[in-house]
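>
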């Protein structure tokens with residue numbers, strides 16, 4: 076669904092990495108957290124509304140310039 080975005084995405088299994096679930100206070104699965112500029116801006120858990128999630132991702136993608144990862148790690 077989100078393969079065509081250039082936003083960084085990360086998937087974690089809370090059962091394999093329980094400290095992540097604790098850090099982000101995820102109490103049920105599945106859970107999707109959306110961060111923008113280091114802050115959580117959206118959260119869905121248990122029943123995921125993919126249409127709404129896609130709209131939210133597209134809105135943040137529209138206001139975010141593509142990241143050049145090469146520039147981030149070169150001096």
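Numbering (my numbering), first residue to last: 76 to 150. Backbone N, C-alpha and C define an ideal beta-carbon position, used for all residues, glycine too.
#1: Which one of 95, 99, 128 and 122 has the shortest CA to CA distance from residue 114?
#2: State the Cα-Cα distance for the pair residue 90 and residue 106, rounded to the nearest angstrom.
#3: From which residue to which residue does the beta strand (DSSP E) around residue 86 run?
#4: Per DSSP, which one or two residues make a beta bridge with residue 118?
This is what the structure gives:
#1: By 1-based counting over the chain shown, the position of residue 114 is 39. Closest option to residue 114, Cα to Cα, is 99.
#2: As a first step, residue 90 must be located in the chain shown, where it is residue number 15. As a first step, residue 106 must be located in the chain shown, where it is residue number 31. For residue 90 and residue 106, the gap between their C-alpha atoms comes out near 12 Å.
#3: In the chain shown, residue 86 corresponds to position 11, counting from 1. DSSP places residue 86 outside any beta strand (DSSP E), giving it a letter other than H or E.
#4: On the chain shown, residue 118 is found 43 positions in, with the first residue counted as 1. The partner list for residue 118 (beta bridge, DSSP) reads 108.
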